[in-house]
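Line by line, the protein sequences are chains A and B. Read in the working numbering, the first sequence has 360 at position 356, and its numbers run on one by one without any break. Read in the working numbering, the second sequence has 68 at position 48, and its numbers run on one by one without any break. Every residue gets a Cβ at the ideal spot worked out from N, C-alpha and C, and that includes glycine. Quick caveat: nothing in here was measured; it's all calculated off a predicted structure.
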Amino acid sequence: MEALRKKIPLTLPQNTVKIIRIIAALLLLALVIVRAIDVAAESQFGADTWLRLSVSGLIIGGMYALIAIGYTLVYGILFMINFAHGEVMMIGTFGGYFVFEAFNAIQVTAADGSQMSFLNANPVIAVFLAFLAGMTIAALSGYFLEKIAYRPLRGAPRLVPLISAIGASIFLQNAGQLLFGPQRRQYINPVVLDRGIGWHVELAGSTVVLTYTGIFSLVLSAILMVGLYVLVQRTKLGRAMRAVAQDKKTAALMGINVDQIISRTFVISGALAGAAGVMWGIHNGLFNYFVGFLPGIKAFTAAVLGGIGNIPGAMLGGMFLGIVESLGPAVLGIDFQLKDVIAFSILILVLIFRPSGILGEALSEEKV
Amino acid sequence: MKKSVLFFVFVVFAMVLASCGGAAPAGNTTSGDTTSGNTTSGDTTSGDTTSGDTASGEPEVCASDEFGCAVIPAGKTVKIGMGAPLTGDYASFGVDISQGAAIAVKDAGTVEGFAFELVAQDTQGAPEGGAAVANKLATDPTVVAIAGHIFSGSTEAAMPIYEKAGIPMMSPSATNPPLTTLGSKVFNRIAFTDAVQGQFAADYLYNKLGFRKIAVLHDGGAYGQGLADVVRQEFTALGGEVVGYEAVTPGETDYTATLSALAAKNPEAVYFGGYVAEGVVLTNNMKQSGLENAVFFGCDGTFGAEFVEKTGANGQGAYAASLIPPESEAKLKFDADYLAAYGVAAGTLSPYTWSGYDAAAVLMAKVKKVAVLGADGSLYIPRGVLVAAVRATNGFTSITGDVTCSEVGECNTAGPTFYVVDNGEWVQAEK
Numbered sequence: 005m006e007a008l009r010k011k012i013p014l015t016l017p018q019n020t021v022k023i024i025r026i027i028a029a030l031l032l033l034a035l036v037i038v039r040a041i042d043v044a045a046e047s048q049f050g051a052d053t054w055l056r057l058s059v060s061g062l063i064i065g066g067m068y069a070l071i072a073i074g075y076t077l078v079y080g081i082l083f084m085i086n087f088a089h090g091e092v093m094m095i096g097t098f099g100g101y102f103v104f105e106a107f108n109a110i111q112v113t114a115a116d117g118s119q120m121s122f123l124n125a126n127p128v129i130a131v132f133l134a135f136l137a138g139m140t141i142a143a144l145s146g147y148f149l150e151k152i153a154y155r156p157l158r159g160a161p162r163l164v165p166l167i168s169a170i171g172a173s174i175f176l177q178n179a180g181q182l183l184f185g186p187q188r189r190q191y192i193n194p195v196v197l198d199r200g201i202g203w204h205v206e207l208a209g210s211t212v213v214l215t216y217t218g219i220f221s222l223v224l225s226a227i228l229m230v231g232l233y234v235l236v237q238r239t240k241l242g243r244a245m246r247a248v249a250q251d252k253k254t255a256a257l258m259g260i261n262v263d264q265i266i267s268r269t270f271v272i273s274g275a276l277a278g279a280a281g282v283m284w285g286i287h288n289g290l291f292n293y294f295v296g297f298l299p300g301i302k303a304f305t306a307a308v309l310g311g312i313g314n315i316p317g318a319m320l321g322g323m324f325l326g327i328v329e330s331l332g333p334a335v336l337g338i339d340f341q342l343k344d345v346i347a348f349s350i351l352i353l354v355l356i357f358r359p360s361g362i363l364g365e366a367l368s369e370e371k372v
Numbered sequence: 021m022k023k024s025v026l027f028f029v030f031v032v033f034a035m036v037l038a039s040c041g042g043a044a045p046a047g048n049t050t051s052g053d054t055t056s057g058n059t060t061s062g063d064t065t066s067g068d069t070t071s072g073d074t075a076s077g078e079p080e081v082c083a084s085d086e087f088g089c090a091v092i093p094a095g096k097t098v099k100i101g102m103g104a105p106l107t108g109d110y111a112s113f114g115v116d117i118s119q120g121a122a123i124a125v126k127d128a129g130t131v132e133g134f135a136f137e138l139v140a141q142d143t144q145g146a147p148e149g150g151a152a153v154a155n156k157l158a159t160d161p162t163v164v165a166i167a168g169h170i171f172s173g174s175t176e177a178a179m180p181i182y183e184k185a186g187i188p189m190m191s192p193s194a195t196n197p198p199l200t201t202l203g204s205k206v207f208n209r210i211a212f213t214d215a216v217q218g219q220f221a222a223d224y225l226y227n228k229l230g231f232r233k234i235a236v237l238h239d240g241g242a243y244g245q246g247l248a249d250v251v252r253q254e255f256t257a258l259g260g261e262v263v264g265y266e267a268v269t270p271g272e273t274d275y276t277a278t279l280s281a282l283a284a285k286n287p288e289a290v291y292f293g294g295y296v297a298e299g300v301v302l303t304n305n306m307k308q309s310g311l312e313n314a315v316f317f318g319c320d321g322t323f324g325a326e327f328v329e330k331t332g333a334n335g336q337g338a339y340a341a342s343l344i345p346p347e348s349e350a351k352l353k354f355d356a357d358y359l360a361a362y363g364v365a366a367g368t369l370s371p372y373t374w375s376g377y378d379a380a381a382v383l384m385a386k387v388k389k390v391a392v393l394g395a396d397g398s399l400y401i402p403r404g405v406l407v408a409a410v411r412a413t414n415g416f417t418s419i420t421g422d423v424t425c426s427e428v429g430e431c432n433t434a435g436p437t438f439y440v441v442d443n444g445e446w447v448q449a450e451k
């Protein structure tokens, strides 16, 4: 009897599971492709529409990517999801907003003698200072968030800081509502960066507007991402961060101040979220205390999609999510309201077929 | 690793669900909650208000009337009842509407030497409150008609009670469409329902603005989608083509993808059923999505100062509907009276005050028509005749326009007033 039981395996062998998975994945892929070809055959949309959708996806994707980096950096070092990260972005959005408001109120005499607000007279300085303010205040809130909500729980079971993170998120949202009110506010942009104006591209007999705000956001997020990559790969701080991510104890033995590195990681991710927040304000305009929630969730999805803990993965995941949200419904010929369904379906599929994410490597036992 | 990530994903979904539940936009329709319930319980409040001492002066019509007569002894007032939320969250609606009705009472003068009086009772906007107020008012023999109730739930609970007592109703603001399908003889309303608004909007788009291809968007809510469905149906029925019909997720700040896809179908106008928050985003996004030449056409949910403020130059030429009646002499007089009596401009508390005036005015005009002065000096009002007279209202002109009741009691034929944004201000669009 014993011998018999040993011979009949109770679970399918590892190989069979793998094969079934691959077959299922291929079937799904085939289904999607068939549907896409079917829709494409109807040629519902011209090249102009595709360009519009792609640009809109890239812009939103850039913002997701910046926020996703924050999730991934913190996860890489502390193995926890900082659920209050979206609220850090919200704080950054408010920071930039108040700078614009202040500059809009200051009247100066322009070179040609006419009266105009400081915002319109010196748009470059105004935008620079708005980003500086948004990023600084978001970085500070990231720093204090770690100090207050996470540091006392260092070494506690993993669920504890997670609950603390959710608590911090709710606290910050409500604090934002009490401080700034529940009403929606609108960014006052300098005239040169007005929403809705931009370069005109003639395509397929129609004019596609590439908005200045959108292209500006896209370029800036690309620059920030490259900057971050250089920081992590080429500088002393970056090396220390990678060392702490790899093994805290050994890093400490090598003379690295682990607590300080963790604090700086939160500062960096806060600054990136703050930049994304100001971009969100400049490009989309409307926001209130709740602005960080949805981008936060989406960016977390993007980080998992790209492979959490992996910085290029977060960038790729963010861009991918933005594009999929924008193009997915058009490719499959379904309602645009279902874009979140597509995004989260892809997340679930990635978790089933490639649990470590698109670029994520299999993590060592220690990191799990 | 895998397990923990799955757990996080689960947490995220839980948070998304939790947030969706709480984020329902605050409506500007007053169709309260329609829980109705069994609050009426059928304890009859006895319609035989005229029984008892069989007054010698009773005119003949009372004997033949289904519900008998309301008898107003000499020196008493003819009472117009109203069930309204006078306290609680929705107090501003009730207070405002009753103030409008009070001005109507002042304007109405007297009937055969008897003065009118408005008796507004507090329902707190709830069905239970509505039934309680109805029972109270129905037992008062001098209450002859009800200008109300205000919210749909409260109205529905009150209807059977007034039905038994033979007291006609004229609601200024109960907009829930099924109310007039319940077969009530006494219930009428001056409020325009979403169905009426949708019909007028489709007609305006097709006949007045001359559009043949429109796209219809909504926010997925009962109000927005209900409106959008009516517009789509009516516009198609008129011979137009609805080239796109989609929902947008409320609360987002970027709808360019949805609009770009619609732009490929070249609609001449985009109709939107929903609230101002999404309306603003859509209007702003249209300019960068290839819909810069299409007209944004909103509803009474997108009407208001916030729309103009947040859309700026993008809002130029956008339409919306409003139940604020068009400017007229009657409206100007009412506005002045209201300001003098209550110290605030009409319309600041709710958009229904003019309907409140009209509801009471229609009822009192009908009372004047059917009331008979008895030989004993009392005023006799045959209830059944009054119920029929109110339902038969035809061509009564008042602030909100022409009031003509259909056979089920829908009395607003004027429909909404359309407004268009011009240089950062809402101005009344051509009729």
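Interface residues of chain B facing residue i [CB-CB closer than 7 Å]
i, result
"Pro-64 of chain A", "According to the sequence displayed, residue 64 of chain A carries Ile and not Pro. Simply Asp-274."
"Asn-383 of chain A", "Residue 383 of chain A is absent from the model: chain A starts at 5 and stops at 372."
"Ala-334 of chain A", "Ala-281"
"Gln-190 of chain A", "Lys-330"
"Thr-76 of chain A", "Residues of chain B passing the Cβ test: none, with the nearest at roughly 12 Å."
Candidates the options: closest to residue i by CA position
i, options, result
"Ala-325 of chain B", "B:Val-382, B:Tyr-439 and B:Tyr-224", "B:Tyr-439"
"Ala-350 of chain B", "B:Ile-419, B:Gly-260, B:Thr-278 and B:Asp-442", "B:Ile-419"
"Val-328 of chain B", "B:Asn-304, B:Glu-312, B:Leu-369 and B:Ser-370", "B:Asn-304"
"Thr-143 of chain B", "B:Phe-207, B:Ala-121, B:Asn-155 and B:Phe-134", "B:Asn-155"
"Ser-426 of chain B", "B:Pro-436, B:Asn-414 and B:Thr-276", "B:Asn-414"
"Val-212 of chain A", "A:Ile-41, A:Thr-53 and A:Ala-45", "A:Thr-53"
"Gln-177 of chain A", "A:Leu-298, A:Arg-162 and A:Gly-50", "A:Leu-298"
"Asp-198 of chain A", "A:Pro-156, A:Val-131 and A:Val-236", "A:Val-131"
"Met-102 of chain B", "B:Val-91, B:Gly-108, B:Gly-88 and B:Gly-149", "B:Gly-149"
"Ser-168 of chain A", "A:Gly-80, A:Gly-274, A:Leu-182 and A:Glu-150", "A:Glu-150"
"Arg-188 of chain A", "B:Gly-421, B:Leu-199 and B:Lys-330", "B:Lys-330"
"Tyr-226 of chain B", "B:Ser-174, B:Glu-261 and B:Gly-246", "B:Glu-261"
"Ala-109 of chain A", "A:Phe-135, A:Leu-290, A:Ser-121 and A:Asp-116", "A:Ser-121"
Interface residues of chain B facing residue i [CB-CB closer than 9 Å]
i, result
"Val-196 of chain A", "Per Cβ cutoff of 9 Å: no residues; Val-196 of chain A is ~15 Å from chain B at best."
"Phe-291 of chain A", "Thr-273"
"Leu-57 of chain A", "Thr-276, Ala-277, Ser-280 and Ala-281"
Residues bridged to residue i [DSSP beta-bridge criterion]
i, result
"Glu-266 of chain B", "B:Leu-237"
"Ser-210 of chain A", "A:Leu-207"
"Pro-454 of chain B", "No information on residue 454 of chain B is available, as it lies outside the stretch 21 to 451 that chain B covers here."
"Asp-422 of chain B", "B:Thr-417"
"Ile-64 of chain A", "According to DSSP, Ile-64 of chain A bridges with nothing at all."
"Asn-432 of chain B", "B:Val-423"
"Ile-100 of chain B", "B:Leu-138 and B:Ala-165"
Listed by chain order, chain A residues near residue i by CB distance under 7 Å
i, result
"Val-251 of chain B", "The premise fails here: Val-251 of chain B is roughly 18 Å from chain A at the closest Cβ pair, so nothing lies under 7 Å."
"Ala-284 of chain B", "Gln-48, Phe-49, Gly-50 and Thr-53"
"Val-300 of chain B", "Leu-290"
Under 8 Å between C-beta atoms of residue i and residue j
i, j, result
"Lys-205 of chain B", "Glu-183 of chain B", "yes"
"Ala-122 of chain B", "Ala-381 of chain B", "no"
"Lys-99 of chain B", "Val-153 of chain B", "no"
"Gly-322 of chain A", "Ala-306 of chain A", "yes"
"Phe-2 of chain A", "Ala-29 of chain A", "Because chain A in this structure spans residues 5 to 372, residue 2 of chain A falls outside the shown range and cannot be described."
"Thr-468 of chain B", "Gln-119 of chain B", "Outside the displayed span of chain B (21 to 451) sits residue 468 of chain B, for which this structure offers no information."
"Ile-73 of chain A", "Leu-276 of chain A", "yes"
"Tyr-295 of chain B", "Asp-239 of chain B", "yes"
C-beta neighbour in chain C for residue i, strict 8 Å
i, result
"Gly-361 of chain A", "Here the protein chains are A and B, and chain C is not one of them."
Chain-ordered neighbours of residue i on chain B, where CB pairs are closer than 8 Å
i, result
"Asp-339 of chain A", "Glu-266 and Ala-267"
Neighbour list for residue i in chain A, Cβ cutoff strictly below 9 Å
i, result
"Asn-334 of chain B", "Arg-199 and Gly-200"
| field | Under 7 Å (Cβ pairs) to chain A, residues found in the segment 305 to 325 of chain B | value | Lys-307, Gln-308, Ser-309 and Gly-310
| What residues in the segment 242 to 269 of chain B have a beta carbon less than 8 Å from any beta carbon of chain A? | Glu-266, Ala-267, Val-268 and Thr-269
| Where the segment 251 to 275 of chain A meets chain B: residues whose CB sits under 7 Å from a CB there | none
| Looking at chain A, which residues of the segment 190 to 207 of chain B have a Cβ within less than 9 Å of any of its Cβ atoms? | none
| query | What residues in the segment 110 to 123 of chain A have a beta carbon less than 7 Å from any beta carbon of chain B? | reply | none
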